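For the sequence shown, position 328 matches number 581 in the numbering used here, and the numbering has no gaps at all.
No residue lacks a Cβ here, since even glycine has one placed at the ideal position from N, Cα and C.
Only a predicted model underlies this, so the values are computations on that prediction, with no experimental measurement involved.
For reference, the structure discussed in these notes is given below.
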Amino acid sequence: MNLNLLIDGSLVPGALSLDVINPATGQVLATCTRADKRQLEQAVAAAKRAFPGWAATDISARKSSLTRIADAMEARAGEFARLLTQEQGKPLAEAQFEIGGGVAILRIFAEMDTPLVVRREDDRQRVLEQRLPLGVVATITPWNFPLMLLVGKVAPALMAGNTVVSKPAPTTPLTALLFAEIVAEHVPAGVFNVIVDDNDLGAELTSHPDVAKVSFTGSTATGKRVMESVSSTLKRLTLELGGNDAAIVLDDVDVKEVAPHVFGTAMLNAGQVCLATKRVYVPAALYDEMCDELARLAKEAIVDDGLKQGTQIGPVQNKQQYEKMKFYLDDAKESGTVIAGGEPLDRPGYFIAPTIVRDIPDTAPLVREEQFGPVLPILSYETLDDAILRANDSEFGLGGTIWTADPERGLEAALKIESGTVWVNRHGLEFDLPLRGAKQSGIGVEYGVEGYIEYTQGKIINMAL
Ligand code: NAD
Numbered sequence: 254m255n256l257n258l259l260i261d262g263s264l265v266p267g268a269l270s271l272d273v274i275n276p277a278t279g280q281v282l283a284t285c286t287r288a289d290k291r292q293l294e295q296a297v298a299a300a301k302r303a304f305p306g307w308a309a310t311d312i313s314a315r316k317s318s319l320t321r322i323a324d325a326m327e328a329r330a331g332e333f334a335r336l337l338t339q340e341q342g343k344p345l346a347e348a349q350f351e352i353g354g355g356v357a358i359l360r361i362f363a364e365m366d367t368p369l370v371v372r373r374e375d376d377r378q379r380v381l382e383q384r385l386p387l388g389v390v391a392t393i394t395p396w397n398f399p400l401m402l403l404v405g406k407v408a409p410a411l412m413a414g415n416t417v418v419s420k421p422a423p424t425t426p427l428t429a430l431l432f433a434e435i436v437a438e439h440v441p442a443g444v445f446n447v448i449v450d451d452n453d454l455g456a457e458l459t460s461h462p463d464v465a466k467v468s469f470t471g472s473t474a475t476g477k478r479v480m481e482s483v484s485s486t487l488k489r490l491t492l493e494l495g496g497n498d499a500a501i502v503l504d505d506v507d508v509k510e511v512a513p514h515v516f517g518t519a520m521l522n523a524g525q526v527c528l529a530t531k532r533v534y535v536p537a538a539l540y541d542e543m544c545d546e547l548a549r550l551a552k553e554a555i556v557d558d559g560l561k562q563g564t565q566i567g568p569v570q571n572k573q574q575y576e577k578m579k580f581y582l583d584d585a586k587e588s589g590t591v592i593a594g595g596e597p598l599d600r601p602g603y604f605i606a607p608t609i610v611r612d613i614p615d616t617a618p619l620v621r622e623e624q625f626g627p628v629l630p631i632l633s634y635e636t637l638d639d640a641i642l643r644a645n646d647s648e649f650g651l652g653g654t655i656w657t658a659d660p661e662r663g664l665e666a667a668l669k670i671e672s673g674t675v676w677v678n679r680h681g682l683e684f685d686l687p688l689r690g691a692k693q694s695g696i697g698v699e700y701g702v703e704g705y706i707e708y709t710q711g712k713i714i715n716m717a718l
């Protein structure tokens, strides 16, 4: 595997290196190239130089670039998916789905435009609103969806006429570098740059005076540091952060029908999804049945290397996350009752048995914090109002789900949930809709027209006639 950084249109080796571990084996998958501070400076300088030219291109040229990148990604989807499974751990089918998501994002943003808008016009005055690109955008992404989350920032940024410096997470840099290889062929030098770090260049990038906007996805704790870091230059900032989404099951459901949905939304990507179900509230009358059903699903799930056919749940992505899961497993045993899983698997790699925990108090860390892994607490409730109150009693507000036989009752409950998104009887990101976090789950918007606009600066032109 010979992947390079992308700086100023050239695929170049980094001054440093780091080992990328395959989480399914615990072994080194690749020694990856890594940038030093000088290369970060080169990348930002290249993006700055390329900005005026790229900003001045016709929107149809940018649309054509994005479409060609999407086509090229699609043509190499198999290669992308395998690499993604190897570096991230997710089952191959989920990796294929993520690559498809990246392609879809490129195609959706390729259709976007922000033409001049007439805000007011009469005999004496004309008011227009123009949207301009911002300049150099820095993107910083986590390791759970390393490719899709990257494309989700790069596509709107480039389409709006910005240039980009991207920094993937150090444990999953490989698909980002493969993406760079493709993009390099379809945009002028400097328009897109990718550097890899070992968690040591993030602050340099976010505080850099030549960076106009930072688009960050990651944990709430790091998001707070990023916000501090951009304040000295008042950069534009989008933060997509952690969540602790509640699923509320209403008393009218067929447990056997709903349980697989609850389980699926909690265990996708081994639970490492910002919008995953991270706690489940079930009416007391259905509690035992739902717990038993979820435990059965957990015990039956096939946990293995994502490259193996039939695998439903892969390992967690990295050692740090594996250790964190062990902490939550201990917490689950101490404060609740574990009815499925409860242990790491006795094999190399970072495998955690899908775990269902019942009779756990609202105050337990597993319920209050974002576990971000395959360990799910199930809580019992007496009244729906009580469940909603407890679901909302969180510093997070990213998503949430209501499961019911009656969509109108679902809507009634959904209207009371304090989050950026809430689903009724369905679940999943749709890229033409805005994604935003309430409370400490984020600031700003990604995806949809609203997300696109965040990569532009509005300007009012107010003319006397
Ligand atoms: P993280 O915050 O540890 O790391 C994210 C990125 O920030 C990495 O690229 C990392 O190298 C970089 N980074 C580290 N220190 C930095 C600093 N001081 N300045 C700038 N960048 C720095 O997050 P993670 O553990 O990789 O990802 C998991 C988290 O991401 C979870 O909390 C999850 O909910 C969240 N997430 C949110 C969304 C969303 O859309 N809201 C989507 C996916 C993941």
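{"Check": "Cα-Cα separation between glutamine 339 and methionine 254, rounded to whole angstroms", "Outcome": "12 Å"}
{"Check": "As assigned by DSSP and simplified to three states, the class of serine 647", "Outcome": "coil"}
{"Check": "The stretch 483-503 contacting the stretch 533-551, beta-carbon criterion three pairs below 8 Å", "Outcome": "yes"}
{"Check": "Beta-bridge partners of cysteine 285, as assigned by DSSP", "Outcome": "Leu271"}
{"Check": "Check: proline 676 C-beta below 8 Å from any heavy atom of ligand 1", "Outcome": "Residue identity check: residue 676 is tryptophan in the sequence provided, not proline. False, no ligand heavy atom lies under 8 Å from that Cβ."}
{"Check": "Residues near phenylalanine 445 in its chain [Cβ-Cβ closer than 6 Å; skip 5 each side]", "Outcome": "Val417 and Val436"}
{"Check": "Limits of the alpha helix (DSSP H) - the one that arginine 402 falls within", "Outcome": "With the sequence shown as reference, residue 402 is identified as leucine, and arginine is not the correct amino acid for it. Leucine 402 -> alpha helix (DSSP H) spans 401-412."}
{"Check": "Neighbourhood of arginine 321 by C-beta, 7 Å cutoff - its chain only, sequence neighbours within 5 removed", "Outcome": "His439"}
{"Check": "Asparagine 715, buried or exposed, once every other Cβ within 10 Å from all chains shown has been counted against 16", "Outcome": "exposed"}
{"Check": "For tryptophan 656 and isoleucine 631, the rounded distance between their alpha carbons", "Outcome": "14 Å"}
{"Check": "Backbone CA spacing between glycine 701 and methionine 365 [nearest angstrom]", "Outcome": "9 Å"}
{"Check": "Glycine 443 beta carbon less than 9 Å from that of arginine 302", "Outcome": "yes"}
{"Check": "Minimum length 4: unbroken alpha helix (DSSP H) runs contained in the stretch 344-406", "Outcome": "345-363"}
{"Check": "Alanine 537 - containing alpha helix (DSSP H), residue span", "Outcome": "537-553"}
{"Check": "Neighbourhood of alanine 268 by C-beta distance below 8 Å, restricted to the same chain and skipping five residues each side", "Outcome": "Arg287, Ala288, Asp289, Arg291 and Gln292"}
{"Check": "Rounded straight-line distance, which links the Cα of valine 508 to that of leucine 282", "Outcome": "42 Å"}
{"Check": "Any non-hydrogen atom of ligand 1 closer than 8 Å to asparagine 446 Cβ", "Outcome": "no"}
{"Check": "Where leucine 259 falls: helix, strand or coil (DSSP)", "Outcome": "strand"}
{"Check": "The stretch 565-576 contacting the stretch 604-613, beta-carbon criterion three pairs below 8 Å", "Outcome": "yes"}
{"Check": "For alanine 585, three-class secondary structure by DSSP", "Outcome": "helix"}
{"Check": "Ligand 1 heavy atom lying under 8 Å from the CB of cysteine 544", "Outcome": "no"}
{"Check": "Residues near threonine 486 by beta carbon distance below 7 Å, same chain, minus five either side", "Outcome": "Pro462"}
{"Check": "Start-to-end residues for the alpha helix (DSSP H) that takes in arginine 489", "Outcome": "Not the alpha helix (DSSP H): arginine 489 falls in the beta strand (DSSP E), residues 489-493."}
{"Check": "beta-carbon glutamine 691 near ligand 1 non-hydrogen atom, thresh 8 Å", "Outcome": "Glutamine is not the amino acid found at residue 691; the sequence shown has alanine there. No, Cβ of alanine 691 sits at least 8 Å from all heavy atoms of ligand 1."}
{"Check": "Contacts around alanine 410, its chain only, beta-carbon distance under 6 Å, and the 5 residues preceding and following it disregarded", "Outcome": "Val390, Val417 and Tyr708"}
{"Check": "Glutamate 505 (DSSP reduced to helix, strand or coil)", "Outcome": "Reading the sequence as shown, one finds aspartate at residue 505 and not glutamate. Three-state DSSP puts aspartate 505 in coil, outside helix and strand."}
{"Check": "Identified DSSP bridge partners for threonine 709", "Outcome": "Pro386"}
{"Check": "Assigned secondary structure, arginine 679 (DSSP; H/G/I helix, E/B strand, else coil)", "Outcome": "coil"}
{"Check": "Whole beta strand (DSSP E) elements within the stretch 407-480, 3-residue minimum", "Outcome": "416-420, 445-447 and 466-470"}
{"Check": "Strand pairing of tryptophan 656, partner residues [DSSP]", "Outcome": "Val502"}
{"Check": "Burial state of proline 423 (16 or more Cβ within 10 Å)", "Outcome": "buried"}
{"Check": "Contained beta strand (DSSP E) runs [length at least 3] in the stretch 573-618, N- to C-terminal order", "Outcome": "590-593 and 608-611"}
{"Check": "Neighbour-count burial assignment, leucine 642, 16 or more Cβ in a 10 Å radius", "Outcome": "exposed"}
{"Check": "Asparagine 205 versus asparagine 497: straight-line alpha-carbon distance, rounded", "Outcome": "What is shown of the chain runs 254 to 718, which leaves residue 205 out entirely."}
{"Check": "Own chain, CB closer than 8 Å to threonine 278, minus 5 neighbours either side, in chain order", "Outcome": "Asp558, Pro601 and Gly602"}
{"Check": "For leucine 633, the residue or residues it bridges with in DSSP", "Outcome": "Sequence inspection shows serine at residue 633; the leucine mentioned does not correspond to that position. Serine 633 pairs with Val535."}
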